[in-house]
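Chemist: Before I ask anything, let me first share the structure, which is written out below as structure tokens.
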Amino acid sequence: MAKSALITGITGQDGLYLSELLHSKGYRVVGLVRGQNNPKAARLEESHPFVQIVSGNLLDLSSLMRAMTFAAPDEVYNLGAVSYVAYSWQNARLTSDVTGTGVLNMLEAVRLFQDTTGKSVRYYQASSSEMFGKVQEVPQRESTLLWPRSPYGVAKVFGHYMTINYRESYGMHASSGILFNHESPRRGVEFVTRKVSRAVARISLGLQDSITLGNLDARRDWGFAGDYVRAMWLMLQQDQPDDYVISTGETHSIRELLDLSFSVIGIEDWSSLVHVDPRFFRPAEVDLLIGDSSKASSVLGWSPEVSFEDLVTMMVNADIALESKKLPGNPS
Ligand code: NDP
Ligand code: GDR
Numbered sequence: 001m002a003k004s005a006l007i008t009g010i011t012g013q014d015g016l017y018l019s020e021l022l023h024s025k026g027y028r029v030v031g032l033v034r035g036q037n038n039p040k041a042a043r044l045e046e047s048h049p050f051v052q053i054v055s056g057n058l059l060d061l062s063s064l065m066r067a068m069t070f071a072a073p074d075e076v077y078n079l080g081a082v083s084y085v086a087y088s089w090q091n092a093r094l095t096s097d098v099t100g101t102g103v104l105n106m107l108e109a110v111r112l113f114q115d116t117t118g119k120s121v122r123y124y125q126a127s128s129s130e131m132f133g134k135v136q137e138v139p140q141r142e143s144t145l146l147w148p149r150s151p152y153g154v155a156k157v158f159g160h161y162m163t164i165n166y167r168e169s170y171g172m173h174a175s176s177g178i179l180f181n182h183e184s185p186r187r188g189v190e191f192v193t194r195k196v197s198r199a200v201a202r203i204s205l206g207l208q209d210s211i212t213l214g215n216l217d218a219r220r221d222w223g224f225a226g227d228y229v230r231a232m233w234l235m236l237q238q239d240q241p242d243d244y245v246i247s248t249g250e251t252h253s254i255r256e257l258l259d260l261s262f263s264v265i266g267i268e269d270w271s272s273l274v275h276v277d278p279r280f281f282r283p284a285e286v287d288l289l290i291g292d293s294s295k296a297s298s299v300l301g302w303s304p305e306v307s308f309e310d311l312v313t314m315m316v317n318a319d320i321a322l323e324s325k326k327l328p329g330n331p332s
């Protein structure tokens, strides 16, 4: 019989890629969508008609229990979160509730479903390299001390340890993926890679003059989202649940991101096109992220396939195609 999966955060970048991966493997895919008249639900129905939508919110345990009953899943992927780090300072309580306590709600819904139906469920938690925060060790691995630097990071640490606690307390098959930054043409425009790829595309088309950013010296380990959802699935195919770092093992600064993005449109010197505004600096920064995913490589057989250069080129070209449609005289 086909396996069934419940995905929270289905309308986000990772939810979309994961739903496609699971569908290609023959799963019945159920996606949790929050809110009344969420415009993303209509878009999802059109672009991913194979997804069965169920209404629910990570803040509302009873809605998660109903979603579990509807999906009767073999696997649950908890990707839903307030995920924008900069926003988490302005909305610290909401972030703690959704990104932190929301994990507890989802784990409880899974535990209660298992207890009442006797069906075993495997659970994936979307943990984050943002939990490493202030640099303690380079590269960061599963055993690195966590020192979160944002309300988002603190909430993710809560969810991470709660997942481990449910595994140890109730014997749940609960795994946590400590994923480093991963991007794609589907990345939200508030995140730096997409903000840059979109601006570079618009500058090349004459739709925008310049871009304004914050800290250009921060370094991130950026991979491709399509590669990273494969790791999520692999974690739930293991006999034993565990925690895994998922990363490329390469780090690049925002300056290098700009070098590469502008080079796609033939610009070598971008200094007059990029402005820096303290508005985009964060109260506390994560200066350097670079992951060691050797455990995922040896146990899961996972490794990334898309390079940083190919990722940036893919994103800029996708945004050029998208923005071209907005040019005057373009009928589409
Ligand atoms: P997105 O921001 O693209 O998607 C977040 C999803 O969470 C959206 O579908 C959103 O729904 C949903 N959501 C928000 N609030 C709630 C709520 N109260 N109840 C239910 N769902 C809610 O994130 P990504 O796809 O990039 O990331 C997926 C997960 O992985 C997140 O948990 C993120 O924190 C984590 N992560 C991401 C990394 C990355 O680099 N992308 C790295 C490490 C971890 P709606 O559309 O309605 O807003
Ligand atoms: P991050 O991603 O905070 O790592 O969280 P983001 O792309 O927002 O920032 C990366 C780095 O770029 C610097 N930066 C800017 N960032 C944004 N968004 N906008 C700017 O204008 C700008 N200028 C410089 C930031 O200071 C930062 O150092 C992402 C999210 O997907 C999380 O949910 C996830 O957990 C982590 O990645 C891993």
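Numbering of the sequence shown is given in the UniProt record's numbering, commencing with residue 1 and proceeding in unit increments.
Idealized CB from N, CA, C, for every residue including glycine.
Taking the alpha-carbon of S129 as reference, which of W222, V196, S184 has the nearest alpha-carbon?
Modeler: Of the candidates W222, V196, S184, the one whose C-alpha sits nearest the C-alpha of S129 is W222.
Chemist: State the Cα-Cα distance for the pair V121 and A199, rounded to the nearest angstrom.
Modeler: Whole-angstrom Cα-Cα distance: 43 Å.
Chemist: I think G100 touches G80, with their Cβ atoms under 8 Å apart; what is that distance to the nearest whole Å?
Modeler: Contact flag wrong, Cβ pair sits at about 12 Å.
Chemist: Which same chain residues, not among the five before or five after D209, have their C-beta less than 8 Å away from its C-beta?
Modeler: Here the set comprises I203, L273.
Chemist: Does the Cβ of S176 lie closer than 8 Å to at least one heavy atom of the ligand HEM?
Modeler: Ligands present in the displayed structure are limited to the ligand NDP and the ligand GDR, and the ligand HEM is not among them.
Chemist: Am I right that Y27 and S4 are in contact with their C-beta atoms under 8 Å? What's the rounded C-beta distance?
Modeler: With 8 Å as the limit, Y27 and S4 qualify as a contact, their Cβ atoms being about 7 Å apart.
Chemist: Mind checking whether M68 and L6 have CB atoms under 9 Å apart?
Modeler: Their beta carbons are under 9 Å apart, which means M68 touches L6 by this criterion.
Chemist: Do Q125 and A174 come within 9 Å of each other at the CB atom, strictly closer than that value?
Modeler: Yes; because the gap between Cβ atoms is below 9 Å, this pair is in contact.
Chemist: For N78, which residues does DSSP report across the bridge?
Modeler: DSSP output for N78 lists T8, Q125 as bridge partner(s).
Chemist: I want to check one thing, is the minimum distance from the CB of D14 to the heavy atoms of the ligand NDP below 8 Å?
Modeler: Indeed, a heavy atom of the ligand NDP lies less than 8 Å from the Cβ.
Chemist: Do you know how far the Cα of S253 is from the Cα of D259?
Modeler: Distance between the alpha carbons of D259 and S253 is about 10 Å.
Chemist: Just to confirm, does S83 get its C-beta within under 8 Å of one of the non-hydrogen atoms of the ligand GDR?
Modeler: Yes.
Chemist: May I ask which residues mark the beginning and end of the alpha helix (DSSP H) holding V135?
Modeler: V135 -> no alpha helix (DSSP H), and no H or E assigned at all.
Chemist: Alpha carbons only, please: which of M315, A201, S150, E20 is nearest the one belonging to R93?
Modeler: The residue with the shortest Cα to Cα distance from R93 is S150.
Chemist: Where do the ends of the beta strand (DSSP E) carrying L58 lie?
Modeler: Premise fails: L58 is in no beta strand (DSSP E) and is neither H nor E.
Chemist: In the DSSP assignment, what residue or residues form a beta bridge with I320?
Modeler: I320 is not bridged to any residue.
Chemist: Using the Cα positions of F191 and Y84, report the straight-line distance between them to the nearest angstrom.
Modeler: In a straight line, the C-alpha of F191 is about 7 Å away from that of Y84.
Chemist: In this structure, does DSSP put F224 in helix, strand or coil?
Modeler: Reduced to three states, the DSSP call for F224 is strand.
Chemist: Can you tell which of M65, L58, R66, E20 has the C-alpha that lies nearest to the C-alpha of L44?
Modeler: It is E20.
Chemist: List the endpoints of the continuous beta strand (DSSP E) containing H48.
Modeler: First-last for H48: undefined, no H or E at that position.
Chemist: Could you tell me the boundaries of the beta strand (DSSP E) in which A174 lies?
Modeler: First-last of the beta strand (DSSP E) with A174: 173-179.
Chemist: Measure how close the beta-carbons of G291 and P139 come, nearest whole angstrom, since I'm counting them as under 8 Å.
Modeler: With a Cβ gap of about 6 Å, G291 and P139 count as contacting.
Chemist: Can you give the beta carbon distance from V245 to S298, rounded, assuming they're within the 8 Å contact cut?
Modeler: With a Cβ gap of about 12 Å, V245 and S298 do not count as contacting.
Chemist: Can you check which of these residues, L145, R34, V30, N330, is closest to D60 by C-alpha distance?
Modeler: The shortest C-alpha separation from D60 is found at R34.
Chemist: Looking at T95 and Y123, is the spacing between their C-beta atoms short of 9 Å?
Modeler: No; because the gap between Cβ atoms is not below 9 Å, this pair is not in contact.
Chemist: Measure the C-alpha to C-alpha separation of T8 and L18 and round it to an integer number of angstroms.
Modeler: Cα to Cα, the separation comes out at about 11 Å.
Chemist: My output table needs one value for G100: the three-state DSSP class, helix, strand or coil.
Modeler: If DSSP states are grouped into helix, strand and coil, G100 belongs with the helices.
Chemist: The ligand GDR and E250: does the residue's C-beta get closer than 8 Å to at least one heavy atom of that ligand?
Modeler: No, the ligand GDR has no heavy atom inside 8 Å of this Cβ.
Chemist: Measuring from the CB of R220, is there a heavy atom of the ligand GDR at a distance below 8 Å?
Modeler: Result yes, Cβ under 8 Å from the ligand GDR.
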